[in-house]
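In this text, residue positions in the sequence shown follow my numbering: the first is 5, and each later residue adds one.
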Amino acid sequence: MERAILIAGSGGQGVLFIGDLLCYSAILEGKEVTSFPSYGVEKIGGFTKCTIIISDEMIGSPITEKVDMLIAMNNWAINKFINKLNEGGLLFYDSTLINTEVDCRCNFSNVPASQIAFQEGSQRGANMVMLGALVAATAIVDLKTIYKALMIRTPLHRRDSLEVNKKLILKGYKYFENKKG
């Protein structure tokens with residue numbers, strides 16, 4: 005099964021890191037993967053997006069017009085990319101930061117990712133919370149594989165954040181599980 009995911013937000017929100025972890029996890033599980041990151045010229049605060057395709061079979065093109073899942077980290081992301089989400093697709097958005105009325109023919113989940121991260125003492129961990137929610141909702145990759153990818157892909161100068169990131173991923177996972185019922 006082929007699934008296309010678009011993750012979007014501002015530079016500094018960890019959009020590309022979520023994409024990296026998803027891709028690496030899928031590779032560890034033997035899946036085919038493409039990743040197409042894009043970002044503005046600003047280091048922090050400019051737009052950032054990453055389109056990922058994960059499949060059990062060979063992927064024909066890394067470019068897709070529509071996606072099955074959208075993770076929107078801020079108002080800009082949801083306003084800009086909601087039209088790229090397939091009808092019936094999954095929308096995840098950070099309800100702490102997004103105050104836009106969502107109007108789509110999709111299944112959506114508002115995750116207070118920034119609030120959850122802040123409560124855990126992290127100013128920048130909303131991306132990890134969103135990743136956990138996505139994994140809980142879709143089982144696109146296994147949670148243990150995400151943890152393994154996190155261990156491998158976290159740069160040396162960020163190793164002090166490993167445990168808090170694992171905790172935030174689990175918080176997002178459990179948040180979605182509890183919300184689901």
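Yeah, the Cβ is synthetic: ideal placement off N, Cα and C, and Gly gets one too.
Option in the options with minimal Cα separation from residue i
i      : options                          : result
Ala76  : Leu101, Ile120, Phe40 and Tyr177 : Leu101
Ile56  : Glu124, Ser39, Asp107 and Ile86  : Ser39
Asp24  : Val145, Lys171 and Lys184        : Val145
Gln210 : Val133, Glu91 and Pro159         : Look at the range of the chain in this structure, 5 to 185, and you will see that residue 210 is not part of it.
Lys184 : Asn111, Tyr43, Asp107 and Gly49  : Asn111
Ala143 : Leu94, Cys108, Glu124 and Val168 : Leu94
Glu36  : Cys54, Lys84, Glu6 and Gly15     : Glu6
Gly176 : Phe122, Asn90, Pro41 and Met62   : Phe122
Neighbourhood of residue i by C-beta, 6 Å cutoff - its chain only, sequence neighbours within 5 removed
i     : result
Tyr28 : Ala153 and Arg157
Asn79 : Ile102 and Thr104
Within 8 Å, strictly: CB atoms of residue i and residue j
i      : j      : result
Ile11  : Ile22  : yes
Thr68  : Ala8   : yes
Ser165 : Ala141 : no
Glu124 : Lys170 : no
Arg109 : Gly92  : yes
Rounded Cβ spacing between residue i and residue j (contact assumed at less than 8 Å)
i      : j      : result
Ile82  : Tyr179 : Not quite, the Cβ-Cβ distance comes to about 19 Å (not below 8 Å), so this is no contact.
Ser99  : Val115 : 6 Å
Val106 : Cys54  : So it is not a contact: roughly 21 Å between Cβ atoms.
Cβ neighbours of residue i in the same chain (closer than 8 Å, five flanking residues each side left out)
i     : result
Lys88 : Leu10, Glu69, Lys70, Val71 and Leu74
* Asked: What are the start and end residues of each continuous alpha helix (DSSP H) run of 4 or more residues lying completely inside the region 43-119, in chain order?
  -> 79-85
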